[in-house]
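Take a look at the structure set out below.
There are 2 protein chains.
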Amino acid sequence: MARRMPLLFSAFNMLAPSHHDHGQWVRDESGQRDYTRPEYWVDVARTLERARFDLLFFADVLAPYELHGGSRDAALRTGLQAPVLDAASILALLAFHTEHLGFAFTENVLQEPPYSFARRASTLDHLTGGRLGWNVVTGSIPGTGRNLGYGGLPEHADRYARAEEYLRVVYALWERSWEDDAVVRDRATGRYADPAKIHSINHSGEFYDVPGAHPSEPSPQRTPVLFTAGASDRFAQFAADHAEGVFSSIEVGDPAANVARLRAAAAAAGRDPASLKIISKFAFVLGSTEEEARRLDDELAETRSVESLLIKLSEGAKADLSVLGHQERISDILNKTGDELGGFRAQLERAPDHAWTLERYVRWHGRRHAVGTPEQIADAVEHWADVGVDGLNVHYLISPGSWEDFADHLTPELTRRGLMRAEYDPPGTTLRERLFGAGARLPASHPARRGALQPA
Amino acid sequence: MARRMPLLFSAFNMLAPSHHDHGQWVRDESGQRDYTRPEYWVDVARTLERARFDLLFFADVLAPYELHGGSRDAALRTGLQAPVLDAASILALLAFHTEHLGFAFTENVLQEPPYSFARRASTLDHLTGGRLGWNVVTGSIPGTGRNLGYGGLPEHADRYARAEEYLRVVYALWERSWEDDAVVRDRATGRYADPAKIHSINHSGEFYDVPGAHPSEPSPQRTPVLFTAGASDRFAQFAADHAEGVFSSIEVGDPAANVARLRAAAAAAGRDPASLKIISKFAFVLGSTEEEARRLDDELAETRSVESLLIKLSEGAKADLSVLGHQERISDILNKTGDELGGFRAQLERAPDHAWTLERYVRWHGRRHAVGTPEQIADAVEHWADVGVDGLNVHYLISPGSWEDFADHLTPELTRRGLMRAEYDPPGTTLRERLFGAGARLPASHPARRGALQPA
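In order, the protein sequence lines correspond to chains B and F. Quick note: the first sequence uses my numbering, first residue 57, plus one each step. Quick note: the second sequence uses my numbering, first residue 57, plus one each step.
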């Protein structure tokens, strides 16, 4: 068998008590209860660097989930992604205490004007030495839009139209406002920059007017590495047009076909299909024997919150599943005639056993991660490499324990198999150089670099 | 003479090549050329803590000055506060590498919606362990408003109306959304927060609609220590109503009367006049002898940029002074009949000698700082204590050299005289506790805590 291309490893987290662990903050060994403390995050970042991860990837929601039970109460009660802090604010600290790890943060295009956002991202790219990624999202929780002054979440198509224009603006600020030699720093004449090489972007659009120039000098990557995440067809087009890394639910349906579809969309958008890193999600429970791993997994199941899992199932189904009793059998639930199940009906129909109660199903759903010895987990990683994804977004079950287990036991095994890079690039390598092996700047085939988007 | 109350010491800076040093980035010993590098700022912060400063205070402009010469070119050419990065992004790093120093950042109320700003500030207050201050500004450069989508800078009165409402919103989010015991973190039941103790603020106003609750749990200070800076009458009222610290041009006219006026305004607004810390600006050149200090000051004058000084004089005068020749005599300039001088006419009339050229006047203007031995500089500090200010906002002339000089030579002398605190409070003390000697929360007399601003 040919030696594999190493996968990209991303660690998924959030500045909140509970991300995808669904309530494991209650456990003795959970550090995530300290999510407000910088020391905790420095430890997480260092552990990830010890595990030779490429990326610490921060998700975000600006308002709590509110579909399940019709209010934010369930999210706040279980600590599921609420309360939440601003991840951008911690990146400079984490970069200072690591040499190689990249940092991606999520920021909604509704959150602040593109002009001030572009400066913030340039700042972070400077302060991280070019190790910055941005996960471009358009929002999915109505509270985000309501509290940011949009009177609710803008319609799906409108959000994508905004996102397209937002990107046009920030691309112009990052890529075309300052020429490469605009900063002269001439100490003899006292001339810091050459104003003739700094250009106004003259953007006047449907949603945004930004006539001026970028307020910051170019950072190592100029445009941070662009990520996006989503599921809709419109999302797939958006990802194909713009993203360098895409987090998608590759596992739903035919994974290899899902990967092929995303790559084909990138090619159709005029981009090199290999310039889109496709990243699937992954979680694991590890033991020195399979038996030990299963015992640990049983322990974790005890403290996993059914309510927290149901919040996310409600979101996925676009239905309030709090109307269902935890002890109702799946067969009885499927006999309901209303449409209160939303997308959950199709999901339940695929359940292993329709005699299960809802709670049993939900608990089973919460355990769909790899369980076993390092070799068995590495086999599961290898399966994803076979499917053709470029990387894995690893969800912790316990933090920092999952990352420590990874560093101690999985990194050696994955490295041995060629599934993980054997060493980091030299310090000073930007995130984009690391991921694509080429330059720090976006490739010429990316729309941000194309003439069609030149400012007037 | 009675022993004095120690003054508050704030170090004024900006993530830009040049703040109030006016071009000293050209000098060998200037570290400010490295303003994009985190290592530089960690060194500055540590030096300030060694000098026992209370605060590192970051100014900001979101767009370059554009009055002088009618464009941004002069600011970019001289590096005067342009290019510029986002200071909020570096605070968590600097707090991690210090134990006591407070950090104030400037954010314009036009820059992002109050809902997302409130979360960012709560994040920073958590990550700094309650050492955060916010300098509330309304913007003064037209490019800020133009590029943030306001079509230009909103009118002065409109900006203050926005600021008032912005504060009402963030006060409600910080102070009244989460009750003190809303976070329960009950590991036995898996209950992180008690939703019944988390309240929607139901704000619907002229400029902002924020119906929901604060997305973050309360930080040590809840509301960061509130600073503001300005000069107009409307500003004075705004400061009296809201500010805990005010940076004002106390030196213009009768300093003691200026201080008294600000305190009287606070009292008239129903607040304890002592709850408003009045902070004047201060800069110095220090030598082991007066002669050495004067020689160093002469050297600095050589590398100070006249064009950079004129940019700020134009801003102050609200007039484009680039129409004046550097070699024109003041007497000839004052003979001009047009109103192209704006407020500069009155300033020039007070010049020591009307036979001076403009350049000579500008260079003289750029040297209005204390020059001398540590004892002489301490005398100048003592003068301000006599005037009745609570603190000094110290401008560097060379960074980090000015801070190193302060730590090595001024801190001991000021401490000896009781003008500076002899030691810091214990680690873990919040900025508000340090400044006011009371609790971490805003006092009950502050409008943020008053019933009149309660959400509906």
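Here a beta-carbon is modelled for each residue, glycine too, at the ideal position from N, C-alpha and C.
Cβ-Cβ separation, residue 490 of chain B to residue 481 of chain B (assumed contact under 8 Å), whole Å
5 Å
Contact defined as beta carbons within less than 8 Å: I believe residue 70 of chain B pairs with residue 115 of chain B. What is the distance between those atoms, to the nearest angstrom?
About 5 Å separates the two Cβ atoms, so the contact holds.
Return helix, strand or coil for residue 264 of chain B, following the three-state DSSP convention.
Look at residue 264 of chain B here: in three-state DSSP terms it is coil, with no helix or strand label.
Residue 455 of chain F at chain B interface by Cβ criterion, 9 Å:
no
For a contact meaning CB atoms closer than 7 Å, what does residue 172 of chain F contact in chain B?
118, 167, 168 and 204
Here's the rule: buried if 16 or more other CB atoms are within 10 angstroms of the residue's CB, otherwise exposed. What is residue 345 of chain B?
exposed
Contacting positions in the segment 178-210 of chain B - beta carbon closer than 8 Å to chain F
Those residues of the segment 178-210 of chain B that come within reach of chain F (Cβ to Cβ, closer than 8 Å) are 178, 179, 180, 182, 183, 199, 202, 203, 204, 205 and 207.
Taking only three categories from DSSP, how would you classify residue 333 of chain F?
In this structure, residue 333 of chain F counts as strand in the three-state DSSP scheme.
Taking the C-alpha atoms as reference points, what is the distance between residue 401 of chain F and residue 211 of chain F?
25 Å
Cβ-Cβ distance between residue 266 of chain F and residue 229 of chain F below 9 Å
yes
Report buried or exposed for residue 163 of chain B, applying the criterion of at least 16 other Cβ atoms within 10 angstroms of its Cβ.
buried
Measuring straight from C-alpha to C-alpha, what distance separates residue 279 of chain F and residue 149 of chain F?
20 Å
Taking C-beta to C-beta, are residue 471 of chain B and residue 478 of chain B nearer than 9 Å?
yes
Any heavy atom of the ligand FMN closer than 8 Å to the CB of residue 146 of chain F?
Among the components of this structure there are no ligands whatsoever, and the ligand FMN is therefore not found.
For residue 242 of chain F, which of helix, strand or coil comes out of DSSP?
strand
From residue 432 of chain F to residue 422 of chain F, what distance separates their C-alpha atoms?
19 Å
Starting from residue 76 of chain B, follow the alpha helix (DSSP H) in both directions and report where the run begins and ends.
Neither: residue 76 of chain B is in no alpha helix (DSSP H) and is coded neither H nor E.
Whose C-beta lies closer than 8 Å to the C-beta of residue 281 of chain B among residues of the same chain, with five residues either side of it excluded?
158, 160, 188, 189, 190, 300, 301, 487, 488 and 491
Beta-carbon neighbours of residue 538 of chain B, restricted to chain F and to distances below 7 Å:
Given a span of 57 to 512 for chain B in the structure shown, any question on residue 538 of chain B remains unanswerable.
Per DSSP, which residues does residue 285 of chain F bridge with? Please list them.
F/303
In the DSSP output, which residue or residues are listed as bridge partners for residue 291 of chain F?
Residue 291 of chain F pairs with nothing; no bridge assigned.
Under 6 Å Cβ to Cβ from residue 96 of chain B, same chain only, skipping five residues before and after it: list those, please.
When the five nearest sequence neighbours on each side are left out, the beta carbons in the same chain lying within less than 6 Å of the beta carbon of residue 96 of chain B are those of 87 and 90, in order along the chain.
Reduced DSSP secondary structure (H/G/I, E/B, other) of residue 508 of chain F:
Note that residue 508 of chain F has pLDDT 46, beneath the 50 cutoff, so the model's placement of it is unreliable and the number below is only indicative. DSSP places residue 508 of chain F in helix when its eight states are reduced to three.
Thinking C-beta only, is residue 147 of chain B closer than 9 Å to residue 180 of chain B?
yes
How many whole angstroms separate the CB atoms of residue 138 of chain F and residue 72 of chain F, which I take to be in contact at a CB cut-off of 8 Å?
6 Å
N- and C-terminal bounds of the beta strand (DSSP E) containing residue 193 of chain F
For residue 193 of chain F, the enclosing beta strand (DSSP E) stretches over residues 188-193.
Can you give me, in chain order, the residues of the segment 272-286 of chain F that have a beta carbon less than 7 Å from any beta carbon in chain B?
272 and 273
Using only the alpha-carbon positions, how far apart do residue 330 of chain F and residue 132 of chain F sit?
Taking the CA atoms as reference points, residue 330 of chain F sits about 41 Å from residue 132 of chain F.
Given this structure, state the Cα-to-Cα distance separating residue 510 of chain B from residue 317 of chain B, to the nearest angstrom.
Note that residue 510 of chain B has pLDDT 45, beneath the 50 cutoff, so the model's placement of it is unreliable and no number is given.
With a 10 Å radius around its C-beta and 16 neighbouring C-beta atoms as the bar for buried, classify residue 512 of chain B as buried or exposed.
Note on residue 512 of chain B: pLDDT 40, under 50, position unreliable in the model; no value is reported.
Could you compute how far the alpha carbon of residue 465 of chain B sits from the alpha carbon of residue 430 of chain B?
So the two alpha carbons sit approximately 6 Å from each other.
By the 10 Å Cβ neighbour count, where 16 or more other Cβ atoms means buried, how is residue 245 of chain B classified, buried or exposed?
exposed
Secondary structure of residue 248 of chain F, DSSP reduced to three states:
If DSSP states are grouped into helix, strand and coil, residue 248 of chain F belongs with the strands.
Under 9 Å between the Cβ atoms of residue 237 of chain F and residue 253 of chain F?
yes
I'd like to confirm the pairing. Which residues does DSSP put opposite residue 254 of chain F in its beta bridges?
F/234
Given this structure, state the Cα-to-Cα distance separating residue 109 of chain F from residue 371 of chain B, to the nearest angstrom.
49 Å
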